[in-house]
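Novice: Chains A and B, in that order, give the protein sequences. Using my numbering, read the first sequence as starting at 16 and increasing by one per residue. Using my numbering, read the second sequence as starting at 290 and increasing by one per residue. Each residue gets a CB set at the ideal place from its N, CA and C atoms; glycine is no exception.
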Amino acid sequence: MARRKFATLKSFLNYIGVEGDRTIFTWVSASEGDRWAQVIKGVTEKVKAMGPAGKLIKNLN
Amino acid sequence: MENIETKLREEAKRLLLEKKADVIIGYEKGTLPLTATPCFITAPEEADKLVWNNFCTQNLAKYVHDLITAHKNSQKRVKPEDRKKKVIGVVARGCTTRSLIIHLQERQYGRDEVYIIGVPCDGYVDGKGLKAAIGGADIVDGSLDGGQIKMKTSEGDKTAALKDVLADCCKTCRFNNPIISDVMVGSNAPAMNPDAEYDEVKEFEAKPLEERWAYFIKEMEKCMRCNACRQACPSCYCPTCFVEQSQPQWVGIGEDPSDTQVFQLMRLYHMVGRCVDCGSCVSVCPMGVDLRKFLKKIDKDGCEMFGSRAGSSMEDMPPLGKYDEHHDKGDFVYNP
Chain A
16 MARRKFATLK SFLNYIGVEG DRTIFTWVSA SEGDRWAQVI KGVTEKVKAM GPAGKLIKNL
76 N
Chain B
290 MENIETKLRE EAKRLLLEKK ADVIIGYEKG TLPLTATPCF ITAPEEADKL VWNNFCTQNL
350 AKYVHDLITA HKNSQKRVKP EDRKKKVIGV VARGCTTRSL IIHLQERQYG RDEVYIIGVP
410 CDGYVDGKGL KAAIGGADIV DGSLDGGQIK MKTSEGDKTA ALKDVLADCC KTCRFNNPII
470 SDVMVGSNAP AMNPDAEYDE VKEFEAKPLE ERWAYFIKEM EKCMRCNACR QACPSCYCPT
530 CFVEQSQPQW VGIGEDPSDT QVFQLMRLYH MVGRCVDCGS CVSVCPMGVD LRKFLKKIDK
590 DGCEMFGSRA GSSMEDMPPL GKYDEHHDKG DFVYNP
């Protein structure tokens, strides 16, 4: 169940130290274009406010 | 414990003689003092090797799965009418039966393919903890007598109280007696201290985010990717582990810190509703990574969010396989 998986994933990532706000989950129907735009706008604002993610990053050099 | 050991041997002998089981998985005396090691018994006269004491560490459900899978693979090229059924007998304490329940619920094998000899458990000794308790000295010989472990070591005689050197998972164990069994050897052991099981997790949750991340990084730096935790875990039975898959490659095989973190993160997360807190991964880890701190959180979430404890009953299905419309919280859903 996606729902239960995301609930536990969000909680677990937050527990190990990855900000809970970076794990975002919601439902958008293919017919809800307007809602989709709103969701993405909200997510972008949220992430911008937090700044770049510095955790679990692999440098390929 | 002597009494249980004698009964256990009789029971194993009877099962093999009556052909109720083809092989019995149990513990025998280890090669080092104060240890026990898993063993496979196929002949009735070998049953006297079996031991049951506070040094029996590993979760034997892993071997049940391995043996049954190997047997099924060997039967693939045999005509269906000639296929033989194999029954695996297993000496099981509380956590082992929980793992067996998980296997049964995940349809890994049938209930008739495994014969469970239930034994009461009052915890096992954490080998690393015992060594630390006696200042890192090498144990030459030792015996357990009335709750005290008496040892001859490289630095003279030492003693340790059994209750102090039990593994962390045993100290707060909720299910130390078998949940399901075909035959029970001995009477139920007294309860441990389950009320304190999440104390460590709660303490860690209260720390600031960056401190938690720093701890995670520090623990993962110890990991050398030997995969012992995965090999020992009864819930880790995929034919091809995501670590070894190359198409797609989920996680790098190198020594980059992020690869180690992602490997551990994914293995830990696969334990939602499946970790029985048997402590096998912790006890086999050669680098002493504090895996339990993270696994216990997963257990706590499963319990608090879905009211489910992994493998605690045959009827209670795995939490990630169902959904409760009325009780599941929706506070994690992003809804602008």
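Skipping 5 residues on each side, what residues in its chain have a beta carbon closer than 7 Å to that of residue 562 of chain B?
Specialist: Along the second sequence, read from residue 1 onward, the residue named residue 562 of chain B stands at position 273. The answer, listed in chain order, is 591, 597, 599, 607, 608, 609.
Novice: Distance check for residue 455 of chain B and residue 418 of chain B, CA to CA, integer angstroms please.
Specialist: Position 129 of the second sequence, counted from the start, is the residue given in the question as residue 418 of chain B. Position 166 of the second sequence, counted from the start, is the residue given in the question as residue 455 of chain B. Whole-angstrom Cα-Cα distance: 8 Å.
Novice: List, in order along the chain, the chain B residues whose C-beta lies closer than 8 Å to that of residue 73 of chain A?
Specialist: On the first sequence, position 58 is the one that residue 73 of chain A refers to. Residues of chain B passing the Cβ test: 541, 545, 547, 548.
Novice: Does any residue of chain A have a CB that is nearer than 7 Å to the CB of residue 580 of chain B?
Specialist: Working through the second sequence from its first residue, we reach residue 580 of chain B at position 291. No, because no Cβ of chain A sits closer than 7 Å to the Cβ of residue 580 of chain B.
Novice: Excluding the five sequence neighbours on either side, which residues of its own chain have a C-beta within less than 6 Å of the C-beta of residue 567 of chain B, listed in chain order?
Specialist: Your numbering for residue 567 of chain B matches position 278 in the second sequence. Here the set comprises 348, 384.
Novice: Give the single residue among B/494, B/412, B/588 whose Cα lies nearest to the Cα of residue 452 of chain B.
Specialist: Within the second sequence, the letter at position 163 stands for residue 452 of chain B. Of the candidates B/494, B/412, B/588, the one whose C-alpha sits nearest the C-alpha of residue 452 of chain B is B/412.
Novice: Identify the contact partners of residue 498 of chain B in chain C, using a Cβ-Cβ distance below 8 Å as the criterion.
Specialist: You won't find chain C in this structure, because its protein chains are A and B.
Novice: Helix, strand or coil: which one does DSSP assign to residue 447 of chain B?
Specialist: Position 158 of the second sequence, counting from 1, holds the residue named residue 447 of chain B. The answer is strand: DSSP assigns residue 447 of chain B an E or B state.
Novice: So what's residue 388 of chain B in DSSP terms, helix, strand or just coil?
Specialist: Within the second sequence, the letter at position 99 stands for residue 388 of chain B. Three-state result, residue 388 of chain B: helix.
Novice: Going by beta carbon distance, what residues of the same chain come within less than 7 Å of residue 429 of chain B, once the five residues before and after it are set aside?
Specialist: One-based indexing of the second sequence puts residue 429 of chain B at position 140. Around residue 429 of chain B: 322, 441, 442, 443.
Novice: Take the Cβ of residue 313 of chain B as the centre, count every other Cβ of all protein chains shown within 10 Å, and call the residue buried at 16 or more, exposed below.
Specialist: In the second sequence, the residue the question calls residue 313 of chain B occupies position 24. Burial call: buried.
Novice: Using only alpha-carbon positions, find the residue among B/559, B/587, B/601, B/604 that is nearest to residue 531 of chain B.
Specialist: In the second sequence, residue 531 of chain B corresponds to position 242, counting from 1. Closest option to residue 531 of chain B, Cα to Cα, is B/559.
Novice: Per DSSP, what kind of secondary structure is residue 31 of chain A in: helix, strand or coil?
Specialist: By 1-based counting over the first sequence, the position of residue 31 of chain A is 16. Looking at residue 31 of chain A - three-state DSSP - the assignment turns out to be helix.
Novice: Which residues in chain A have a C-beta closer than 7 Å to the C-beta of residue 558 of chain B? List them in chain order.
Specialist: Mapped onto the second sequence, residue 558 of chain B falls at position 269. Those are 24, 27, listed as they occur along chain A.
Novice: Could you give the DSSP three-state label for residue 564 of chain B: helix, strand or coil?
Specialist: Sequence index remark: in the second sequence, residue 564 of chain B carries index 275 (1-based). Three-state result, residue 564 of chain B: coil.
Novice: If you scan the segment 453 to 529 of chain B from start to end, which runs of the beta strand (DSSP E) of 3 or more residues do you find wholly inside it?
Specialist: Listed in chain order, nothing qualifies, since the segment 453 to 529 of chain B has no complete beta strand (DSSP E) run of 3 or more residues.
Novice: Suppose you measure from the CA of residue 242 of chain B to the CA of residue 570 of chain B; what does that come to, to the nearest Å?
Specialist: In the structure displayed, chain B extends from 290 to 625; residue 242 of chain B sits before or after that span and is not available.
Novice: Determine the extent of the alpha helix (DSSP H) in which residue 352 of chain B is found, giving its start and end residues.
Specialist: Along the second sequence, one-based indexing puts residue 352 of chain B at 63. Residues 350 to 363.
Novice: I want to verify the contact list: residues of chain A whose CB lies under 9 Å from the CB of residue 501 of chain B, in sequence order.
Specialist: Residue mapping note: residue 501 of chain B aligns to position 212 of the second sequence, counting from 1. Simply 29, 30, 31, 32.
Novice: Can you give me the start and stop residues for the beta strand (DSSP E) that residue 327 of chain B sits inside?
Specialist: Residue numbering aside, residue 327 of chain B sits at position 38 when the second sequence is read from its first letter. 325 to 330 is the extent of the beta strand (DSSP E) around residue 327 of chain B.
Novice: Check whether the segment 294 to 303 of chain B and the segment 329 to 336 of chain B are in contact - that is, three or more C-beta pairs closer than 8 Å.
Specialist: At 8 Å Cβ cutoff, the stretches touch.
Novice: Can you have a look at residue 593 of chain B and say buried or exposed, based on whether 16 or more other CB atoms are within 10 angstroms of its CB?
Specialist: As a working note, residue 593 of chain B is residue 304 in the second sequence. By the 10 Å Cβ count, residue 593 of chain B comes out exposed.
Novice: What did DSSP end up calling residue 606 of chain B once you bin it into helix, strand or coil?
Specialist: By 1-based counting over the second sequence, the position of residue 606 of chain B is 317. Of the three classes helix, strand and coil, the one that applies to residue 606 of chain B here is coil, per DSSP.
Novice: Taking the alpha carbon of residue 445 of chain B as the reference point, which residue from B/436, B/431, B/435, B/298 has its own alpha carbon closest?
Specialist: Residue numbering aside, residue 445 of chain B sits at position 156 when the second sequence is read from its first letter. Comparing Cα-Cα distances from residue 445 of chain B to each of B/436, B/431, B/435, B/298, the minimum goes to B/431.
Novice: Work out the CA separation of residue 586 of chain B and residue 494 of chain B for me, nearest whole Å.
Specialist: Taking the second sequence and counting its residues from 1, the one referred to as residue 494 of chain B is at position 205. Taking the second sequence and counting its residues from 1, the one referred to as residue 586 of chain B is at position 297. Using only the alpha carbons, I get a separation of about 9 Å.
Novice: Count the other CB atoms within 10 Å of the CB of residue 464 of chain B; is the residue buried (16 or more) or exposed (fewer)?
Specialist: Here residue 464 of chain B refers to the residue found at position 175 of the second sequence. With 16 or more Cβ atoms within 10 Å of its Cβ, residue 464 of chain B is classed as buried.
Novice: When you compare only the Cα positions, how much space is there between residue 496 of chain B and residue 292 of chain B?
Specialist: As a first step, residue 496 of chain B must be located in the second sequence, where it is residue number 207. As a first step, residue 292 of chain B must be located in the second sequence, where it is residue number 3. Going by the C-alpha atoms only, they are around 47 Å apart.
Novice: Assuming residue 572 of chain B contacts residue 416 of chain B (C-beta within less than 8 Å), just tell me the rounded distance between them.
Specialist: The residue you call residue 572 of chain B lines up with position 283 of the second sequence. The residue you call residue 416 of chain B lines up with position 127 of the second sequence. Rounded, the Cβ-Cβ distance is 7 Å, consistent with contact.
Novice: Let me check one thing: in DSSP terms, what residues is residue 317 of chain B bridge-paired to?
Specialist: For the purposes of this step, residue 317 of chain B is identified with residue 28 of the second sequence, where counting begins at 1. B/326, B/339.
Novice: With 7 Å as the threshold, decide whether the Cβ of residue 487 of chain B is near any Cβ in chain A.
Specialist: Taking the first residue of the second sequence as 1, we reach residue 487 of chain B at position 198. It does not: the Cβ of residue 487 of chain B has no partner Cβ on chain A nearer than 7 Å.
Novice: Which residues bound the alpha helix (DSSP H) around residue 381 of chain B?
Specialist: Within the second sequence, the letter at position 92 stands for residue 381 of chain B. Looking at the DSSP string, residue 381 of chain B is not in any alpha helix (DSSP H); the run it does join, the beta strand (DSSP E), is 377 to 381.
Novice: So, with DSSP's three-state summary, where would you put residue 558 of chain B?
Specialist: Reading the second sequence from its first residue, position 269 is the one you call residue 558 of chain B. Reduced to three states, the DSSP call for residue 558 of chain B is helix.
Novice: Mind listing which residues of the segment 45 to 64 of chain A have their C-beta closer than 9 Å to chain B's C-betas, in chain order?
Specialist: Answer in chain order: 50, 53, 54, 56, 57, 58, 61.
Novice: Among B/373, B/401, B/405, B/374, which one has its Cα closest to the Cα of residue 387 of chain B?
Specialist: For the purposes of this step, residue 387 of chain B is taken as residue 98 along the second sequence, with counting starting at 1. Among B/373, B/401, B/405, B/374, the Cα nearest to that of residue 387 of chain B is on B/405.
Novice: State the DSSP-derived secondary structure class of residue 586 of chain B, mapped to helix, strand or coil.
Specialist: Counting from 1 along the second sequence, the entry for residue 586 of chain B is found at position 297. Residue state, collapsed to three classes: helix.
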